[in-house]
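Protein chains in written order, with the working numbering: chain A, 4 to 455; chain B, -10 to 721.
A virtual CB, placed ideally from N, CA and C, is assigned to each residue, including glycine.
Report on the structure given below.
Here it is in structure tokens:
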């Protein structure tokens, strides 16, 4: 290959640090190069989350001691902030430059950058990290940023983004470097750089042999986790590592205790079979599942019932009524809620005849899958009155509770009109499980009232 | 629907000025005129003004205008004094209530660091319950605590009102975080002032970079610079009402925090009113992945209610207590509608207010600690009012039944004697409330020690006790029965609790020796046989399998024989405890001898008017409007609309036009043809008259239809031409 113009040992070091990224690093070496070689005006690095774009580029630029400015676009709230950051960053890293004025928009930015870089002897790189996550960003903005490199000869703009769109920069396509997601083998290889220790209980000294054994178990384990859990849920190498980290300690506990040897992996796997079926390590939660359970059992042991914050009695009925109003078609209200009609019990269809022709003809999507429909407040109140076990003369308290439910976002306003307008529509914002739980707590059989 | 039509109350208060087009505004008094502010006299004036304010009495003159100025003022002062004391105690309870949660969260914040949470934002999920009104207080307390006590750094409380967009939120966040602790490190301030040029050097230096390019005021780099100069400080962001936040803004914010985490040590507190699951549903997974932490439960609001209730109504410090029906109303409203402590306290204050506002005899409450001056204060009118109080009448009748005729004559004729009696008796009346509270406390503790399953809090027992239901209800019987079956460990625990919580001689004195004896017995048993718990002979729960009557007898016999000597002695002692508890509870809750009805002047010590509360706190606007429109005769009370025998009258031409329209409206379907409505209206309003002016009728029709639209009953619709849509149904 002729495109390698950097010292060979630098590339080897980088390849050592970032396994499985050799082609990308080589391309970077060709396009970024040294100060003597020319660089294209713009360059796009793309690839999904956790494929090493940012880390590798930063390490590369640091190693080659290139002059560069790094701007994290996802930290910028407005375009103006982005532009000012670019301007300030470039001025700072090039050194000198006058302080007069600030770059309010892209045009001013072009002028300021060309002034700042006019005296520069070296190539300068402007890295726009996660440029596709810029808030308020428009295609015009990106196109203009892409042209900066064409206007200023010594500048190269490097875009880092996840998925490139065709004609993203509205110009002749700049060189793209694709960071492909890691495959299973590659992921395991990457993770093998961070082998976790087995916390042996009786260990005198840590030998080569132990390290080798650990690596063996680790790689086997990573493979199992990938096949059982991560393949479907966490393909990013970072998430994959988080899962492996979480599961590692309990998994190797028998080895640490000396019950199992390192080499009979399959029996260890059988011992922990359950672990690979559970989803707790895969589902993202703020409070880790294990910690929450511990706290719950603790409070039980001290005698206090687990803390459950309850909605007021009528709020629960209001919420049930809102759910019914959202998920039942309005024209069936009479069947469900008329007092004369056996108090709303659902008519059981005769099970013997089987599906009739008509139902077969227009098969419908289940209403629960269609999402909540909007309803006027009057309907909610009518259903509320119908499902209450006793009569309640409506007072201002009911209205207050509707307002409270709205500020809890369990009810949301569905139309843009004023709250007090009678024609304003509302919508329930809680799932079936939550509603069923609430209905049970007030002994209301909501199943009987839900249309199929 | 029970709203009574107002009578002629308003006629007296008719103010002609209200209907005047323009009038001259004259000031009431000199002292109300705003004085020019002068710095020298400002403070003095303020104190003077406060004194005037305090003396200004907002209460009306009662007793048919014969109440003297001094008693009026006394009434107001008594109200202020009593409520102030009560409010102080309530506030202390509210402040101390969250202390556990506060401690936990502040400990979390103290040792939170991203390294401990896998490089994620340390997040405390505060499950604060659905009572939104208390959240502000909680977060205020949290912020105070972290800011002043722990001093871990600035705290910014964000509410959904601040967070209309990402930019405004960040602006507020940065402003609050950087300005907050200016008082904390003064030296630095001074050091900055030397170099600074602006009047606010710290801010301006934060706003500028090293190159003096100004940063935008929503740029988190300002905060980053600030953090660099305040090493070791954490920035705590408290999101008070996470539910009400726009989820996009919230997730953007959290993502931003996540990306700045390596430069600004953020700690997140998230207030959740519903549940963690709903919070998780609200945010994208990638955002949730950025947070890691723990959840903290705020104590249940019922606990707080119980404490406040016990303090304000059953404790011996309380002066004015609530009666059974108000109490029922408040608790029901709490349970079914609001679940808010704040509204409960508000309602309590309202009870105080309306009691002192409208009851001239309430001044008696001011003399509760020292009845000396009471005789002089009570005027002839007051005494007359006392004689009209039902409990006084009952008292007199009681005397009459006891044949104390002389006494009765004096009570009815001699004013001074009444004054004397009242001064003597008020202490007794007050003690009634105190004793009741103590008995309830005893019962509650007893029940909680014996029946762990169904704990009934004191506030639910209270109303029952006042209305006399408690004596006949199962609560006492259950407790006494299980008391008999208690083992020695449980009984000693119960006695210990009672001694601590209810230190009253009536119950502790007879129980103390028994407690000693039981202790001794247990020690003896432990010394001889190693048995630590003595069982009562009434305890038959140990063997639940009793098949037939014969085997039951056999088992009973067996059990009796298996009892040791100490067990038998213990059983005798249990019997004694039982007898004491029974007699104590019967005396206190016996409604015929010891009921509220027999307490002289209980009307003054127990506020029991339900209607003001329900009218003020739970009004029924909708049914009132509906009634006004559908039955205008209820309000107008005119001869033309009312039939002679008070029967249903239906629609009549003499009724107000809006009312006619409304009644026609009720009869129609969801869409109303305007022309049909008009012709019906015309036929009603014209009645039998052949030549009713059609133009007048049309004008009335238009006006009343506009009124209907204004009230939100109808609206235009595009579904059908010449139709309007019906929006409200009656009786919902």
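Given that residue i touches chain A, what residues does it touch there, using C-beta distances under 9 Å?
i: residue 721/B; result: 381, 384, 385, 387, 388, 397
Looking at the structure shown, is residue i part of a helix, part of a strand, or coil, going by DSSP?
i: residue 185/A; result: coil
i: residue 702/B; result: coil
i: residue 379/B; result: helix
i: residue 301/A; result: For residue 301/A, the predicted structure reports a pLDDT of 38, less than 50, and the residue's modelled location is therefore unreliable. The matter cannot be settled from this model.
i: residue 591/B; result: helix
i: residue 251/A; result: helix
i: residue 50/B; result: coil
i: residue 428/A; result: strand
i: residue 120/B; result: coil
i: residue 714/B; result: strand
i: residue 461/B; result: helix
i: residue 659/B; result: coil
i: residue 723/B; result: With chain B covering -10 to 721 only, the question about residue 723/B has no answer from this structure.
Just to make sure I have the definition right: I need the residues of chain B whose C-beta is within less than 9 Å of the C-beta of residue i. Which are they?
i: residue 250/A; result: The premise fails here: residue 250/A is roughly 14 Å from chain B at the closest Cβ pair, so nothing lies under 9 Å.
i: residue 375/A; result: Simply none; closest approach about 14 Å.
i: residue 213/A; result: Correct list: empty, because the minimum Cβ distance to chain B is about 26 Å.
i: residue 75/A; result: 248
i: residue 222/A; result: Neighbours of residue 222/A on chain B: none; closest Cβ ~23 Å, over 9 Å.
i: residue 372/A; result: Going along chain B, no residue has its Cβ under 9 Å from residue 372/A, so there is no contact; the nearest lies around 16 Å.
Does residue i come within less than 7 Å of chain B when only Cβ atoms are used?
i: residue 392/A; result: no
i: residue 317/A; result: yes
i: residue 335/A; result: no
i: residue 13/A; result: no
i: residue 442/A; result: no
Under 8 Å Cβ-Cβ, which residues of chain B neighbour residue i?
i: residue 81/A; result: 156, 205, 207
i: residue 407/A; result: 119, 121
For a cutoff of 7 Å on Cβ pairs, would you count residue i as touching chain A?
i: residue 706/B; result: no
i: residue 434/B; result: no
i: residue 112/B; result: yes
i: residue 165/B; result: no
i: residue 556/B; result: no
i: residue 96/B; result: no
i: residue 607/B; result: yes
i: residue 398/B; result: no
i: residue 280/B; result: yes
i: residue 325/B; result: yes
i: residue 701/B; result: yes
i: residue 330/B; result: no
I want to verify the contact list: residues of chain A whose CB lies under 7 Å from the CB of residue i, in sequence order.
i: residue 602/B; result: Correct list: empty, because the minimum Cβ distance to chain A is about 12 Å.
i: residue 274/B; result: 287
Quick one: does the C-beta of residue i sit closer than 6 Å to a heavy atom of the ligand HEM?
i: residue 571/B; result: By its list of ligands, the structure shown contains no ligand whatsoever, and the ligand HEM lies outside what it can speak to.
Find the residues of chain A that neighbour residue i, judging by a C-beta separation of less than 8 Å, and give them in chain order.
i: residue 716/B; result: 379, 381, 425, 426
i: residue 213/B; result: In chain order: nothing, as chain A lies at least about 10 Å away.
Determine the chain B residues that contact residue i at a beta-carbon separation under 7 Å, and present them in chain order.
i: residue 411/A; result: 119, 232, 262, 263
i: residue 84/A; result: 205, 208
With a floor of 4 residues, list each alpha helix (DSSP H) that falls wholly inside the region 274 to 349 of chain B, ordered by position along the chain. 274 to 277, 290 to 298, 313 to 322, 330 to 347
Is it the case that the region 702 to 712 of chain B contacts the region 597 to 606 of chain B, given that we only count it when at least three CB pairs across the two stretches are under 8 Å? no
Of all the alpha helix (DSSP H) runs that stay within the bounds of the region 194 to 274 of chain B, which reach a length of 4 or more residues? 209 to 218, 236 to 249, 265 to 271
4 or more residues per run - each alpha helix (DSSP H) lying fully within the region 127 to 170 of chain A: 142 to 154
Uninterrupted alpha helix (DSSP H) stretches inside the region 403 to 440 of chain B (no shorter than 4 residues): 404 to 439
Kindly confirm or deny that the region 105 to 112 of chain B and the region 371 to 388 of chain B touch, where touching means at least three C-beta pairs closer than 8 Å. no
Fully enclosed by the region 53 to 98 of chain A, which beta strand (DSSP E) runs are 3 residues long or longer? 70 to 75
Okay, do the region 70 to 79 of chain B and the region 288 to 304 of chain B touch, 3+ Cβ pairs below 8 Å being the bar? yes
Touch test, the region 149 to 157 of chain B against the region 255 to 273 of chain B, Cβ-Cβ under 8 Å, three pairs minimum: no
At least three beta-carbon pairs within less than 8 Å, the region 277 to 284 of chain A to the region 401 to 418 of chain A: no
Identify every run of the beta strand (DSSP E) within the region 93 to 144 of chain B, keeping only runs that are complete inside it and at least 3 residues long; order them along the chain. 110 to 116
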